[in-house]
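**Q**
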Amino acid sequence: MKELNDLKDEVNNLDKNRVLNKENLLKYIVIFAVVTLSTFLIPTCGVLKSQAITVGLVAATTFATIDMVYPHKIYVNGFHS
Numbered sequence: 001m002k003e004l005n006d007l008k009d010e011v012n013n014l015d016k017n018r019v020l021n022k023e024n025l026l027k028y029i030v031i032f033a034v035v036t037l038s039t040f041l042i043p044t045c046g047v048l049k050s051q052a053i054t055v056g057l058v059a060a061t062t063f064a065t066i067d068m069v070y071p072h073k074i075y076v077n078g079f080h081s
């Protein structure tokens with residue numbers, strides 16, 4: 001139970017004003033570019049640029065949301081490095 005209290009203290013001490021992880025911003029830009037270009041280039045019928053950009057923005061936003069919400073670390077029986 002002590003480990004859970006330590007984890008709770010660590011979570012409370014995190015910077016809560018940080019909404020977007022700037023270290024991962026490159027990932028979001030790359031996924032936006034890849035999805036936008038593939039949406040524009042792959043279909044044989046014509047796709048408007050605005051529609052391709054919209055699909056890219058939806059994909060990048062979804063990826064960023066999942067990346068921020070999904071836990072990156074799982075602590076079992078204490079802290080691991």
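Position one of the sequence shown corresponds to residue 1 (my numbering), numbered consecutively onward. Each residue gets a CB set at the ideal place from its N, CA and C atoms; glycine is no exception. None of these values were measured; they are calculated from a predicted model.
1) Is the beta carbon of Ile42 less than 8 Å from the beta carbon of Ala60?
2) Step through the CB atoms of chain D and report whether any lies within less than 8 Å of the CB of Val34.
3) Quick check on DSSP: helix, strand or coil for Thr61?
4) Could you name the residues of the same chain whose beta carbon sits closer than 6 Å to that of Ile53, not counting the 5 residues immediately before and after it, in chain order?
5) May I ask you to report which of helix, strand or coil DSSP gives Thr44?
**A** Concretely, from the data shown:
1) no
2) Looking for chain D here will not work: only one protein chain is present.
3) helix
4) Thr36
5) In this structure, Thr44 counts as coil in the three-state DSSP scheme.
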